[in-house]
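Protein chains in written order, with this note's numbering: chain A, 5 to 509; chain B, 519 to 852; chain C, 55 to 392; chain D, 41 to 377; chain E, 185 to 513. Even glycine gets a Cβ: it sits at the ideal position worked out from N, Cα and C. A short write-up of the structure that comes next.
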Amino acid sequence: NAKELRWGFQTDTDSLDPHAHAVTFTIGFLGNVYEGLVRRDADLKIEPALAESWTVSDDATVWRFNLRKGVKFHNGNDFNADDVVFSFKRIADPDAQMKTNVASVKEVRKIDDHTVEIITSAPNPILTSRLNSVFIMDKEWSEETGSTKVTVMDQDKISPAGQTSMGTGAFVITDRTAQVKTTLVPNKNWWDKTQHNLTKVTMTPVKQDSTRVAALLSGELDMAYPVPTQDINRVNSNSGTSVLVGPELRTIFIFMDQASKNLFGTDTKNPFLDVRVRKALYQAINIEAIKKKIMRNLATPSAIMISPKLFDRASDFARYPYDPAASKNLLADAGYPDGLSARFDCPNDRYVNDEQICQAVTSMAAKVGIKLNLSAKPKAQYFKQVLNPKNRDYHVGLIGWTPGSFDSHNVVTNLIASYSDEKKTGRYNLSNNRDDRIDELNPMIQSEGSKAKRDAMIAEVYKRVHDNVYYIPLHQQALAWGKRDNVTLQQRGDNVFRFRYVTIN
Amino acid sequence: MPKPSNQALLSVRNLRIEFPNRRGILVAVDDISFDIAPGEILGVVGESGAGKSLTGAAIIGLLEPPGRIARGEIILEGERIDHLPYEELRKIRGRRIGAIFQDPLTSLNPLYSVGRQLIETIQTHLPLNEREARVRALELLEEVGIPGAEERIDHYPHQFSGGMRQRVVIALALCAEPRLIIADEPTTALDVSIQAQIISLLKGLCHEHGTAVMLVTHDMGVIAEAADRVAVMYSGRIAEIGPVQEVVRTAKHPYTHGLMGSIPHIGHHVDQLTQIEGSMPRLQEIPTGCPFNPRCIQVMDRCLVERPDLQGVDQSEVACHLFDEAGLAAGAGE
Amino acid sequence: MNDVAKIEAPLLSVDGLVRHFDVSAPFLNRLIERLDRAYVKAVDGISFDIGRGETFSLVGESGCGKSTVARLIVGLYQPTAGSIQYEGVEIGPREAAADRKRIQPHMQMIFQDPFASLNPRWRVADIIAEPINVRGLLKGRAEIMTRVGDLLSQVGLSPADRERFPHEFSGGQRQRISIARALAGEPEFLVCDEPTSALDVSVQAQILNLMKELQNRLGLTYLFISHDLAVVYHVSTRVGVMYLGRLVEWAETKTLFENPRHPYTRMLLDAIPDLEMSGRQRIPVAGEVPSPINPPSGCAFHPRCPHAEARCRTEMPLPRNYDGVHVACHAVADGRIG
Amino acid sequence: MWSIRDCALINPLGADMAEQTAESLPLTESPTRTQSTFYRIWDSDVCYSFRSSKVTIVAAVVTAVIFFLAIFAPWVAPHRPFDVATIDLMDAELPPSWEQEGDSRFLIGTDNLGRDLLSTILYGTRISLIVGFLSVIFGLVVGVTLGLMSGYMGGYVDAFIMRVAEIQLSIPGILVALLLAGTLRGVISAEAYNEAIIYVLVLTIGTSIWPQFARTVRGSTLVERNKEYVLAARVIGLSRFSIMLRHVLPNVMGPVLVIATINLAIAILTEATLSFLGVGVPPTQPSLGTLINEGQNYLFSGLWWITIFPGAVLAILVLAVNLLGDWLRDALNPKLR
Amino acid sequence: MIAFLVRRLLQAIAVMAVVALCAFFMFQFVGDPVNQMVAEDATDEDREYLREQLGLNDPIPVQFGKFALNAAQGNFGVSYQHKRAVSTLILERMPATLELAVTAAILAALLGVPMGVYTGLRRDGFASKVIMTLSLIGISLPTFLIGILLIYLFAVILGWLPSFGRGEVVQVGAWESNFLSASGLKSIILPAITLALFQMTFIMRLIRSEMLEVLRTDFIKFARARGLSNRAVNYGHALKNTLVPVITIIGLQLGSLIAFAIITETVFQWPGMGQLFLQAVQVVDIPIMSAYLILIAFFFVIINLIVDMLYYVVDPRLRVDQPTGGGHG
Ligand SMILES: Nc1ncnc2c1ncn2[C@@H]1O[C@H](COP(=O)(O)OP(=O)(O)OP(=O)(O)O)[C@@H](O)[C@H]1O
Ligand SMILES: Nc1ncnc2c1ncn2[C@@H]1O[C@H](COP(=O)(O)OP(=O)(O)OP(=O)(O)O)[C@@H](O)[C@H]1O
Ligand SMILES: [Mg+2]
Ligand SMILES: [Mg+2]
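Here it is as structure tokens:
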């Protein structure tokens, strides 16, 4: 009896090339077809995949991986060390956007057919956390098909790997029309024990939220995500469908420019240089109301800039309480008894209910006298405007972050450490603050092997952020996956859907 | 009131045409009666707006709403046709009554070739196939004097000159050899030589086929040349009707008189043309009594209150109180 | 009839007036389909004079260029060549624009269609007042309105008609409105293009009488265009007969009608319907009207002319003066007809 | 083709002149004439056909009411939805007051952010009408001017204007708006953009509709310019400009008015569509279209009022304006009386 | 005829070039493609490298020149997002859009024309008034709302029709068609109706008003006077004479049909070019945007060409041949 899973997401994969695109959904989807040396389980813990085991040198610069034997690619070719070396080389290509995952890798050495050694340029105790998305391709197949390089911007240099795939994963793509439908069947020769009972998977992108929900309600899809928060009740009340909700790893927060003397583009003194003003804005935000009314309880208010799932000492922190009266006092103390005004930039197509959150914040801030002029725009324009460290064209803004390595250091070095071109830190430090202690701690966290020590240093960073209100964290948004009741699946916090956990009754 | 003569091809009895409108009812044509015999040409003249075109349109059943026949009968070959349902009337149109409208430039559908319009009309009325219909169309074109008909039949209206187009319109009216032709100002705005061609064509038809023609025109020369009898209309009524010689030479109604006097003549020079003072009343302001009374030089008290009926005087009929027993002498003197 | 007028210098004199209309296909079509440029020779070299207080009429077949001459004179078209002199001042070519502008107000035109020549959205008062305003003849609204009222009375309408719209008038009345407008500009010279063709004879008589009266009273000069030869006979001092863009004969009215010389004039007069019912059969002008784009060579009338000879087909006859009658015809020149 | 017999109503120029003459001529027939200006308008055929069509009267009343409410929104509306400080998120998503969970403060409920829907609709209608009207006026002024020039002057002017119109037409209106709005957002500062967005929309929508006016006017002008009354004006010595303005323009306005009413609806809908595509007015000052688009997200979740009410207002407005347009089209056509 | 074609061709090229140029200048401001492509933790060097690769550092005229040169050879570059040749991508999507637009156009014409004729003939009839009023729905609600309501009704509540996609497509040569499978046919119903509604209203109203004009003309009266049947008069003579303006407007509207298809395609997840374009705008995929705009301009030009040729078929007065008859007037 055929068990077909029909599911839809809001976009399609950009292509099937596992190295070309730094797009969460594309890589997440291809993880069903390709595999890395390691993989993440349903709880996002690293577990062995194409490597059965590994060892690391004491200085955390040389990693030796013992490759799994007997693994075959979908075309029947054997998996071996050559494929690993080849794949690491392919992904490091300057045109491959996944190259950041191997940025710290200096060299990959074949020891024998089933052993490789990875040498990093600096100590990197958490290397494996990036390797789960370094997918291994078949070297022979790539050479046959001319896919040894990713596509570059030339009509004659288009890699066939974008249109076909050759992995070792649990599923095999049999048929694909880009943007319309991709069909997969289980890999009969997969090395691991199958948990699913699927015979076929079809993936269809459905961009429009209401259409996607309609398709789920009408039974045209067995599983669809994301379900807009407001439609969750509708899907749940429909017989035969329900929504699976869970916390996502992404944290949403507000940043305030703390470097410029004047508000960008104006002659007004930058009020956010004063911590009291920042704290006033913080305490003006009724996070519970946002959670309840806008997120429909599908958010976890957060005091720090990372998901509690990814940082064990998260419970040490608590948000400043919502207190408009305190806010007003703070403003008065800071010399703004009559309030102040600033621009508030916001994306309108990036995060869950981003625009509404911004509108709510605007309205709440207005009540204490901070007049925010909201400017919401599509992400393409928004990011172009705010993500330019050389020209910080914003006063206050909203952004979200999921640490690619699922680790706090990623947050610290990208968002909190001060911006430095040569040290490659603070690229996303939108608050633009400079805290010498944090800059000192940052490299130490990276190379610290002991978890306890490392967590303590991270906690110190978060405490400084909290005390100085460098950022105003809002919440971790939640995942909402709609599905038919006869489908059981595992929802991963990184919003990645793995078919290997799916069963249909 | 004249009796319908037995041999009349068309009899119009007491026709009244109204335009109901929000302020009341406009009477555009009021109680007119006339006959046309087979082979006869009845000329219709009169001041612009007198109701000539409306009478023609009423006969063929093409009054545009809200215009309507309020009273009277139209009898074609002994059969009353004014109240026939649309479909019945349609069969009469083109088949038994042909119509020629004033403007040759706009009467033809510009999108179809002349031949197609002819063939279409022929096939509507006669049981001919396409080929036979085409042959007939060619005959017709030759008959109306289009040179090189064989070649011209597939041309479009815009490729014809005004005079030729008018001839095509006539050919279309003649398709099914109708018994009656209503020709509404067929020569206005054409120069004299084209005018002459068209008039002789119409006259030829009457002689050869016994077709009756109602010829509406402003051109007295054309009337004099072509018509057998002439009706003079004024303000929706017939002022005078009679043989053309008599009406033109010895006009009886003061309006006809004025009209005839207004015609300039080549050869004898006058400094001032005779003119009828004033202008025709608007439909909503037609005076009681005789509608001509405000302009009439021989107006009598009676004219102001009592409407004159048509009455026989010599071979004509005139609607004027001057010809009542009492006033006869006064009128004859003119 | 006004013999004095002729002796004076003419008011308007037209010399070798030419107007061609370019009706060529677009450039690319000509290039690819190898077509030549094509011109309608609407007016192809005509000359005449009009004396002060005179009525000069133009007659001829439809499309022979009468209206074009009228429009050239009032400046609606630029002449392709030739000169137009008004009181001895050249106003034809584009370079003479300044003079034209100065003299223009002395001319007015009555258009063929009485309805089309009145702006349907304007009240009669504004229509008639327009030339007064443009010329600045009078100042002050009240004064102008009084003048408009006077003009309306002059043409036989009531001053109360000022407030009405053109569509509320009958054809004859509209024609009078356009005459009133023409007069409001206090012109000396009036061009009348078929002013009565759509009217019945009684209204026509009213208008012709008015025009005559004005001429007698104010000494107006008319250029009169009509198809109706009886009307032409009635109103004109002199008549010009046009054929395919050229004047083929012009003379005193009486002379022309009594003794037409050009074969075309003769045929035209033969085609007049016979109101007298003398039993005369009228003879339409034979043959088809030639195209003004490719006019026949030589004398344009030769294909339809009973007197045509070899010379007529090749050589264009020039007008010659025979005791005040100007005729352009080889046969007349040769004395074959006379 | 369009001879308009009752200028008084639809041609301000005509009405204006009528008044002037009425004043300046007190001497003649004064008793009848004092009533005449108003009476003539009231008694004109256009007015009569208006008075005798119930549907039209209803449409006119509805339009007038909507206009009134929109114009006087700041006084009529119970809340001030564009003042963010007055909005309380905790009031969000309340159903209309007659429903069980309804709140009497909010007659027809609140939207997802806690704005009073009624007030938001009133203010939003205002924005929609501004966008609709200004863009139609913009398109109309540009289109009519260029169309008049194109038709009256002919030659290279005509060829050039028509080519530009063709280029404009070959990029569908929505795309122009999408790109232009995107561009402006990139060019000018965010504050300026928020201030300017309405005018940006007006500009983009107006830009996309001017060719329609230009083509129509050009067509009618080509017919009109050869009519004898225009020639007559030239003989009188009127300047080109005056002829275009005073003679030709009033005679080509008939179809223009009709296109304008239909385009008013189209403009409002385009604005709504643009906000669907993410380039509409700012969310803090929603137009009807933005509201519908916002509400559309809540349709399945049972919050029907957020879409249905603004949708209904929009539909009724468009319906009424179009019924008026239909009527005007027929009433202005003398052949259809 | 050849001259006509050559002229149109030249015009077409000019129009397309201007469109492309305008578009190109606008792209600058749509957003930054680089941010959409790189990983979040990409370094400045990575970004700079990519920028260089995409040619974004060249001055705009140079970029445009390169683009125009390539486009002239049919090379529209590679999509930033999909890493595939833009020409392939667009060709893949074209059948879907064209089938949708054409179906909608046919639907609009099939319903709009008879309704227009009917309401024109029976101007004051009750049915006409009902039709006229109901047809306004087509232009009184935004397309996206109509689409969503249709989905809700026919897919969710009634479950009769699919809510998204094209259903089963059948490959015929290089063309993927909807029309050859039951599910494909079912799928096109809702989007086609959504798209057609506006056009239908427009066509209907246009034909009605043109009919009202034409029915009053002399030649219609004369056709009746000739005794032609009602059908021949109403359809053969009256309708045909309304066609020139109707064809013009329908031609112009086909352009907007393709534009509005963006919305319909989005709502119904119809895998056509419009959706591709919209997505391209979101991620600033400049090659796709430019190719799409040029293609639309191209379609417009082709449609105009067809419209002009139809004029010639419909209206003999517009044919270029010289009048053979002597005469004028
Ligand atoms: N649709 C209409 N509504 C109101 N009145 C009309 C209508 N059609 C014609 N009339 C009026 O009916 C009268 C007669 O019109 P008709 O067309 O028969 O005149 P006519 O004698 O043919 O004039 P002409 O010589 O100018 O053609 C005119 O006064 C005209 O105003
Ligand atoms: N603007 C124009 N462009 C091209 N040809 C023109 C133009 N105006 C007039 N013609 C042509 O010039 C010729 C003379 O036209 P005109 O109007 O002067 O004739 P007419 O003698 O006044 O004729 P009618 O008696 O019919 O009014 C005609 O063949 C006409 O087609
Ligand atoms: Mg008539
Ligand atoms: Mg003329």
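Along the beta strand (DSSP E) that carries residue 161 (chain A), what are the first and last residues, could you check?
Where residue 161 (chain A) is concerned, there is no enclosing beta strand (DSSP E), given that its DSSP letter is neither H nor E.
Other residues of its chain near residue 167 (chain D): CB distance less than 7 Å, five sequence neighbours each side excluded:
238, 321, 325 and 327
Completely contained beta strand (DSSP E) runs for the stretch 127-208 of chain A, where each covers 3 or more residues
175-181 and 185-190
Strictly below 9 Å CB to CB, what residues from chain A border residue 124 (chain D)?
363, 366, 367, 368, 369, 370, 371, 375, 376 and 378
Enumerated in chain order, which unbroken segments of the alpha helix (DSSP H) with a length of 4 residues or greater are wholly contained in the stretch 187-267 of chain D?
Counting only runs of 4 or more, we get 195-210, 213-227 and 230-265.
How about residue 303 (chain C) and residue 281 (chain C): are their beta carbons less than 8 Å apart?
no
Would you report the Cα separation of residue 505 (chain A) and residue 493 (chain A), rounded to the nearest angstrom?
5 Å
Go through the stretch 185-248 of chain C residue by residue and report every complete run of the beta strand (DSSP E) that reaches 3 residues or more, in order.
243-247
On the premise that residue 388 (chain E) lies in contact with residue 319 (chain E), defined as a C-beta separation below 8 Å, what is that separation, rounded to the nearest angstrom?
6 Å
Our contact map puts residue 163 (chain D) next to residue 122 (chain D) with C-beta atoms below 8 Å; I'd like the distance itself, whole angstroms only.
Rounded, the Cβ-Cβ distance is 6 Å, consistent with contact.
Buried versus exposed, by CB contacts within 10 Å (16 or more), residue 137 (chain A)
buried
Can you list, in chain order, the residues of its chain with a C-beta nearer than 8 Å to that of residue 289 (chain E)? Leave out the 5 residues immediately preceding and following it.
380, 383, 434, 438 and 441
For residue 18 (chain A), count neighbouring Cβ atoms within 10 angstroms of its own Cβ and tell me buried if that reaches 16, exposed if not.
buried
Tell me, please, whether the CB atom of residue 336 (chain E) is closer than 8 Å to any CB atom in chain A?
yes
If you count every other CB in all the chains shown that lies within 10 Å of the CB of residue 184 (chain D), and 16 or more means buried, which is it?
buried
Within 8 Å (strictly less), CB to CB, does residue 75 (chain D) reach chain C?
Note that residue 75 (chain D) scores 47 on pLDDT, short of 50, meaning its location in the model is unreliable and no value can be drawn from it.
Between the stretch 234-251 of chain D and chain A, which residues of the former have a C-beta closer than 8 Å to a C-beta of the latter?
234
Determine the chain D residues that contact residue 203 (chain E) at a beta-carbon separation under 9 Å, and present them in chain order.
Neighbours of residue 203 (chain E) on chain D, chain order: 207, 210 and 211.
Rounded to a whole number of angstroms, what is the C-alpha to C-alpha distance between residue 64 (chain D) and residue 200 (chain C)?
Low confidence applies to residue 64 (chain D): its pLDDT is 36, below 50, so where it sits in the model is not reliable, and the reading given next is rough at best. Whole-angstrom Cα-Cα distance: 11 Å.
Determine the direct distance from the alpha carbon of residue 26 (chain A) to that of residue 385 (chain A), and round the result to whole angstroms.
19 Å
From the DSSP output, which residues share a beta bridge with residue 163 (chain C)?
C:245
Rounding to the nearest angstrom, what Cα-Cα distance links residue 323 (chain D) and residue 140 (chain A) in this structure?
46 Å
Please state the DSSP three-state secondary structure of residue 695 (chain B).
coil
Where does residue 78 (chain A) sit, in a helix, a strand or coil, going by DSSP?
coil
Give me the Cα-Cα distance between residue 659 (chain B) and residue 307 (chain E), rounded to the nearest whole angstrom.
38 Å
CB contact check: residue 362 (chain E) to chain A, cutoff 8 Å:
no
Residue 425 (chain A) touches chain E at which residues, Cβ-Cβ below 7 Å?
228
Chain B within 8 Å of residue 401 (chain E), Cβ atoms only
True, the Cβ-Cβ gap to chain B drops below 8 Å.
With 7 Å as the C-beta to C-beta threshold (strictly closer), list the residues of the stretch 215-238 of chain A near chain E in chain order.
Answer set for the stretch 215-238 of chain A: 215, 218, 219, 221, 222 and 224.
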